[in-house]
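The structure appears below as structure tokens.
Residue numbers (my numbering), protein chains in the order written: chain F, 5 to 155; chain X, 262 to 548.
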């Protein structure tokens, strides 16, 4: 169990809400992936997460680090939950975010009009934040998980 | 010193309880199924595109409908559409269980009740999906008492409710205690209404509980008491995945403005203690 997983599960006490794997695209047969939008996919390949948007004219797997850094979330706070009953305060800073008073270095990138990608430094952990529905789609500690922000 | 933070800007508003609805699933696009239902008919169900399906009795011309599909678990799908042109107005929802080749459907109508024209009338039918080799399973999804005595708080983003699974045929409803306390100051009138609803009386509605597979259940809630008291109530059809503590479903009936409503939603669940409500005797039903 890595640090982020430990935080999101209340010290490993609660099982997180796991994202339902998608099986929509034949080109990703055998890969683990889930949907973050009707036409958007979070795909795990060789232990790393990529985005794939089937709406694009020439869709391709894009590493999240390819998206531009963005400070749009800096200075905001909310409550997040990935596991039943584990509701955690989270605040966004310039160089990462703080969840339940644990400072987590991360780069925050803009991955779409209403989509932010949080890449946790020194790990393969990523969390996508759909700022339209206030839903999170994460690849944390090698697993796909689902979460929400307080509306 | 703690930095100053501000609340995230509110997101776009989605219809009713659909804020946390997951992305639509297109996995069934291009597939065609034959549903052998226990109403004695066989139906064709073809997913023509991401938006349109064809459905009808086998051997007759199928009609096209705009649909939505949500994936509740590996090989378990929730499909919903308005049966456009039906009289009385109808909505059709399917739980397609590809793992066991089984189906549970809810053909829900509204407008047939002369006293309560906004009272929905769900009709659940079980059936099977014909396998590729032509065989049809004899097994069916079935009514269950697995959930009786439990309660789950479901968070839909813009609201949270607690479903109290009080018996095999009924459910009770409340809101989380902290939300109830907040209402005291924010909306005293609503607070008083809810205090009476589960104080002097006990809000209780008919419900169906169906087991799809381990940890996956249908909960069919029909707001009949709401309809009798305020003239409007909806049919809520939930497909709950208690392994993931997540549900999907749809609301069929009428919206707050009295117009037709039929939309899909999703929520996050958490077991919740409502032993006080479980312990009480029904004030609305003789049982």
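Positions of the beta carbon are idealized from the N, C-alpha and C atoms, including for glycine.
Spatial distance of residue i from residue j (CA atoms)
i	j	result
residue 374 (chain X)	residue 380 (chain X)	7 Å
residue 548 (chain X)	residue 474 (chain X)	29 Å
residue 104 (chain F)	residue 399 (chain X)	51 Å
residue 64 (chain F)	residue 47 (chain F)	11 Å
residue 377 (chain X)	residue 520 (chain X)	15 Å
residue 454 (chain X)	residue 511 (chain X)	26 Å
residue 533 (chain X)	residue 311 (chain X)	37 Å
residue 69 (chain F)	residue 6 (chain F)	21 Å
residue 33 (chain F)	residue 537 (chain X)	49 Å
residue 307 (chain X)	residue 495 (chain X)	28 Å
residue 38 (chain F)	residue 354 (chain X)	24 Å
residue 271 (chain X)	residue 134 (chain F)	12 Å
residue 483 (chain X)	residue 334 (chain X)	24 Å
residue 35 (chain F)	residue 110 (chain F)	26 Å
residue 449 (chain X)	residue 436 (chain X)	15 Å
residue 468 (chain X)	residue 112 (chain F)	45 Å
residue 155 (chain F)	residue 416 (chain X)	10 Å
residue 274 (chain X)	residue 516 (chain X)	15 Å
residue 305 (chain X)	residue 502 (chain X)	27 Å
residue 124 (chain F)	residue 385 (chain X)	47 Å
residue 93 (chain F)	residue 500 (chain X)	30 Å
residue 138 (chain F)	residue 12 (chain F)	17 Å
residue 76 (chain F)	residue 98 (chain F)	9 Å
residue 513 (chain X)	residue 472 (chain X)	21 Å
residue 299 (chain X)	residue 61 (chain F)	45 Å
residue 420 (chain X)	residue 542 (chain X)	27 Å
Start-to-end residues for the beta strand (DSSP E) that takes in residue i
i	result
residue 94 (chain F)	90 to 97
residue 293 (chain X)	293 to 298
residue 523 (chain X)	521 to 532
residue 153 (chain F)	147 to 153
residue 259 (chain X)	Any answer about residue 259 (chain X) is impossible in this case: the structure gives chain X only from 262 up to 548.
residue 350 (chain X)	350 to 358
residue 366 (chain X)	363 to 371
residue 285 (chain X)	Neither: residue 285 (chain X) is in no beta strand (DSSP E) and is coded neither H nor E.
residue 326 (chain X)	324 to 334
residue 307 (chain X)	303 to 308
residue 416 (chain X)	412 to 416
residue 512 (chain X)	507 to 515
residue 134 (chain F)	130 to 134
residue 421 (chain X)	421 to 425
residue 121 (chain F)	119 to 124
residue 434 (chain X)	431 to 435
residue 343 (chain X)	337 to 343
residue 313 (chain X)	313 to 318
C-beta contact flag for residue i and residue j at 8 Å
i	j	result
residue 317 (chain X)	residue 327 (chain X)	no
residue 434 (chain X)	residue 470 (chain X)	no
residue 524 (chain X)	residue 277 (chain X)	yes
residue 88 (chain F)	residue 147 (chain F)	no
residue 10 (chain F)	residue 85 (chain F)	no
residue 22 (chain F)	residue 266 (chain X)	no
residue 337 (chain X)	residue 477 (chain X)	yes
residue 287 (chain X)	residue 28 (chain F)	yes
residue 383 (chain X)	residue 331 (chain X)	no
residue 114 (chain F)	residue 136 (chain F)	no
residue 295 (chain X)	residue 319 (chain X)	yes
residue 527 (chain X)	residue 508 (chain X)	yes
residue 341 (chain X)	residue 329 (chain X)	yes
residue 16 (chain F)	residue 128 (chain F)	no
residue 42 (chain F)	residue 289 (chain X)	no
residue 55 (chain F)	residue 144 (chain F)	no
residue 390 (chain X)	residue 530 (chain X)	no
residue 480 (chain X)	residue 424 (chain X)	yes
residue 429 (chain X)	residue 409 (chain X)	yes
N- and C-terminal bounds of the alpha helix (DSSP H) containing residue i
i	result
residue 391 (chain X)	Taken as a continuous stretch (DSSP letters only), residue 391 (chain X) belongs to no alpha helix (DSSP H), as it is neither H nor E.
residue 112 (chain F)	Here residue 112 (chain F) belongs to no alpha helix (DSSP H); instead the beta strand (DSSP E) covers 106 to 116.
residue 11 (chain F)	7 to 12
residue 536 (chain X)	536 to 540
Contact test: residue i Cβ vs the ligand GDP heavy atom, cutoff 7 Å
i	result
residue 532 (chain X)	As for the ligand GDP, it is missing from this structure, which has no ligand bound.
Proximal residues of chain B, C-beta to C-beta of residue i below 7 Å
i	result
residue 285 (chain X)	Absent from the structure is chain B; the protein chains it does hold are F and X.
Please list the segments of the beta strand (DSSP E) lying wholly inside the segment 439 to 486 of chain X, counting only runs of 3 or more residues, in order along the chain. 465 to 474 and 477 to 483
Along the segment 415 to 429 of chain X, where does the CB come closer than 8 Å to a CB of chain F? Name the residues. 416, 418 and 419
Complete beta strand (DSSP E) runs within the segment 20 to 107 of chain F (minimum length 3 residues, chain order): Fully enclosed beta strand (DSSP E) runs of 3 or longer: 36 to 41, 44 to 49, 52 to 57, 80 to 87, 90 to 97 and 100 to 103.
Give, in chain order, every residue of the segment 496 to 519 of chain X whose Cβ lies closer than 7 Å to some Cβ of chain F. 505, 506 and 507
Determine which residues of the segment 110 to 134 of chain F have a Cβ less than 9 Å from any Cβ of chain X, and write them out in chain order. 118 and 134
Please name the residues in the segment 63 to 77 of chain F whose beta-carbon is closer than 9 Å to at least one beta-carbon of chain X, in chain order. 77
The segment 518 to 546 of chain X: positions lying closer than 8 Å to chain F by Cβ: 529, 530, 531 and 532
Going along the segment 294 to 316 of chain X in order, which residues come within less than 9 Å of chain F, judged by CB to CB distance? 311
When you check each C-beta in the segment 328 to 346 of chain X against every C-beta of chain F, which residues fall closer than 8 Å? 332, 333, 334 and 335
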